[in-house]
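Under our numbering, residues 33 to 580 are what the sequence shown spells out, in order.
Heads up, the beta-carbon is just placed ideally off N, CA and C, and yes, glycines get one too.
Quantities reported herein were computed from a predicted structural model and do not represent experimental measurements.
Structure first, commentary second.
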Amino acid sequence: NLLANHLNENNENEKNLCVVGDDDQSIYKFRGADITNILNFEEHYPNTKVIKLEQNYRSTANILDAANAVIKNNNGRKPKALWTDKGEGEPIYYKLFESDLNESFGVVDSIMSAVDNGYANYNDFAVLYRTNAQSRSLEEAMIRQNIPYRIVGGINFYQRREIKDILAYLRIIDNSTDSVSINRIINVPKRGIGTASIEKITNYSFENGITFFDSLHEVDNINGISRAKAKLKDFTQLIDDYNEMVYEKGISIVELIDTIIETSEYDTYLYDEDPEKYDDRMENINELKSKAKSYEDENGEDASLSGFLADVSLIADIDTTDETIDNVLLMTLHSAKGLEFPYVFIVGMEDNLFPSYGALNSLDYNESIEAIEEERRLAYVGITRAMTKLALSGAISRFRNGNYEHNEPSMFYREIPDHLINTFSQRLMPFGDDVGKRVIHKAPGQFSSISTKESDNKIFTFTRAGATQKQTRRPKIGALESLAFSSSKTTSLPQQNFDVGDRVKHKKFGDGTITDVTPKGNDKVISVSFDDGKNLKLIASFSKLEKI
């Protein structure tokens with residue numbers, strides 16, 4: 033009505049143009065969205081009358097104040113400040129957990145407590161995260177505690193294609209009679225093995241009473257597959273080599289996954305198929321490696337490939353996505369735009385995760401500023417999804433991309449003024465009698481995350497918005513007290529720097545010359561012209577190229 037009244041004041045109706053938008057919620061640059069369409073609108077239409085609709089009918093004042101405090105740090109925006117008449121509401125809750133697994137169980141603990149005591153239903157809760165890969169530990173925590181959940185705008189972790197592909201490789205290595213898994217990846221990546229050849233091998237296995245994989249070892253005896261014979265032998269040898277690595281050389285599951293990706297060129301296959309989805313898919317695979325590392329750490333000498341696959345199957349085979357039941361909703365921050373929930377968790381509030389590593393470490397200063405401002409708008413969207421309660425969390429140690437990362441709390445969390453934050457009085461998100469209590473969240477086989485004893489606390493220092501000097505927070509480091517928390521760097525193996533023109537050697541493809549080096553997310557794509565005439569694009573972190 034407010035807009036209509038202003039438009040009616042203009043008698044030249046044929047010249048009216050009404051545009052509605054919010055520059056603070058422009059979060060789809062990667063899909064081609066251009067925020068300057070809003071920011072520069074008045075330059076193109078100088079007689080524009082701007083009407084700010086700043087009253088918010090969804091969230092409490094504390095939630096809106098937190099969102100305003102974060103987004104005001106962006107330069108590329110029109111000044112505005114949301115307000116509400118719903119009242120101050122509860123503070124923003126925050127906890128720093130020892131690990132990402134503890135963080136997931138901290139979320140689950142809060143939800144279980146609220147539902148069990150009658151304060152909320154499961155579908156009152158939404159858990160938001162920056163990347164799809166983060167759903168894995170949350171899903172497992174939900175399943176282990178029998179909490180129904182649904183992935184919104186995405187696929188359950190173990191149903192994602194790249195995860196099913198890698199698990200199919202692992203299942204074949206563990207059990208060569210698994211013909212379903214063999215048929216899934218015999219042509220992934222593409223090897224030029226046609227369906228006619230696969231059908232002939234299947235018939236041969238039935239006729240001779242042997243497994244499909246055993247038939248692959250006898251391709252010389254199978255008629256009609258002469259064209260594919262060499263490719264079938266290469267595939268069979270590949271699986272045999274993996275089997276030897278596991279059962280004779282004793283490599284770890286994480287090392288096995290890395291080897292599969294490199295020797296099968298699965299990473300190159302993913303990039304060539306869809307460059308835009310490459311980063312997300314590789315991050316999902318890295319999260320599977322995190323699961324494998326966690327399994328091996330928990331089981332020590334008893335860890336085995338069979339045990340790992342059994343553990344995964346227990347999680348993957350449980351159907352928790354029935355939309356007819358009361359579900360906790362899990363989704364990325366991008367998927368949450370336009371939605372609202374009574375109670376919201378935003379997990380993974382750490383620099384290099386949210387905001388992303390790419391945004392914080394771009395070599396181009398202007399690109400980095402633009403990327404951080406886009407991430408900040410995403411934080412603004414996430415915060416303003418909450419109606420009544422909002423909880424933010426992070427982890428001191430997070431196993432990600434094959435390494436343990438120890439990052440600073442997110443700069444977006446640090447931009448929220450102290451008086452809006454409650455860090456220690458209750459669960460990650462308190463209800464009823466939880467208020468004022470000190471609760472220790474404990475994941476199976478893990479350290480407790482937050483202690484209430486001052487003697488257990490460790491001080492770390494960072495600058496917070498509105499502070500005139502350094503402020504201190506006292507999260508319990510517990511068994512991880514030896515960590516140098518002030519470091520935001522990840523622990524990773526040193527990588528060589530490659531430049532165009534470098535001569536390199538690959539153990540499979542031989543010698544070659546680098547023709548192009550292109551940054552790709554947190555990695556690089558290296559184009560190599562090999563001396564045998566083959567031209568390949570390799571992912572730097574997986575390529576194992578050596579300069580010569």
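Between the region 410 to 428 and the region 67 to 82, the count of Cβ pairs shorter than 8 angstroms is below three; the stretches do not touch. Taking the Cβ atoms as the reference, SER442 lies roughly 18 angstroms from MET363, outside the contact range of under 8 angstroms.
With the rule of 3 Cβ pairs closer than 8 angstroms, the region 243 to 263 counts as touching the region 203 to 213. With contacts defined by Cβ atoms closer than 8 angstroms, ILE205 and ILE271 form a contacting pair. Burial state of GLY138 is buried, judged by a 10 Å Cβ sphere holding 16 or more other Cβ atoms.
Annotation: the continuous alpha helix (DSSP H) that includes PHE238 extends over 227 to 240. If you draw a straight line from the Cα of GLY464 to the Cα of PHE456, it is about 16 angstroms long. Taking each of GLU135, SER136, ASN88, GLU130 in turn and checking the Cα distance to ALA113, the smallest one comes out for ASN88. For HIS438 and VAL360, the gap between their C-alpha atoms comes out near 29 angstroms.
If you look at GLU130, you'll find it isn't in any alpha helix (DSSP H); it sits in the beta strand (DSSP E) that goes 124 to 131.
Separation of the CB atoms of ILE428 and GLU130 is rounded to 5 angstroms, and the pair is thereby assigned contact status at 8 angstroms. For GLU287, there is no enclosing beta strand (DSSP E); the residue is part of the alpha helix (DSSP H) that begins and ends at 285 to 295. DSSP, reduced to helix, strand and coil, places ILE378 within a strand of the structure shown. Within its own chain, the residues whose Cβ lies closer than 7 angstroms to the Cβ of LYS325, once the five positions on either side in sequence are excluded, are VAL286, PHE431, listed in chain order. Taking the Cα positions, ASN69 is about 19 angstroms away from ILE103. Counting the other CB atoms within 10 Å of its CB gives PRO123 a total of 16 or more, which places it among the buried residues. THR268 and LEU302 have their alpha carbons spaced roughly 22 angstroms apart.
Collapsing the DSSP output to three states places LEU568 in a strand. In the DSSP secondary-structure assignment, HIS538 is bridged to GLY542.
Listed in chain order, the non-local C-beta contacts of SER229 below 6 angstroms within the same chain comprise ILE257, ALA260, local neighbours out to five positions each way being set aside.
Rounded to whole angstroms, the gap between the alpha carbons of GLU276 and ILE283 is 9 angstroms. With fewer than 16 other Cβ atoms inside 10 Å of its own Cβ, GLN191 counts as exposed. The residues ILE70, in chain order, have a CB closer than 7 angstroms to that of GLY53 in the same chain once the five nearest residues on each side in sequence are set aside. Counting only residues of its own chain and dropping the five nearest sequence neighbours on each side, VAL557 has a CB closer than 7 angstroms to the CB of TYR303, THR550, LYS569, ILE571.
Note on the region 67 to 94: whole alpha helix (DSSP H) runs with a minimum of 4 residues are 68 to 71, 73 to 76, in chain order. Separation of ASP97 and HIS451 (C-alpha to C-alpha, rounded to the nearest whole angstrom) is 10 angstroms. Your pair VAL379 and VAL159 checks out as a contact, with CB atoms roughly 6 angstroms apart and the cut at 8 angstroms. With a 10 Å radius around the Cβ and a threshold of 16 neighbouring Cβ atoms, LYS127 comes out buried. Between the C-alpha atoms of LYS566 and ARG162 there is a straight-line separation of about 38 angstroms. TYR298 and GLU308 have their C-alpha atoms roughly 16 angstroms apart. Residue environment: ILE580 is assigned as exposed (fewer than 16 neighbouring CB atoms within 10 Å of its CB, all protein chains considered). Nearest C-alpha to GLU74 among ARG535, GLU86, LYS110, ALA93: LYS110.
Boundaries for TYR436: no alpha helix (DSSP H) harbours it, while the beta strand (DSSP E) harbouring it runs 435 to 437, taken from the DSSP string. DSSP lists VAL557 as the bridge partner or partners of THR550. Inclusion of SER58 and THR416 in the CB contact set at 8 angstroms is not warranted, their separation being larger than that value. Residue pairing of MET363 in beta bridges, as defined by DSSP: LEU160.
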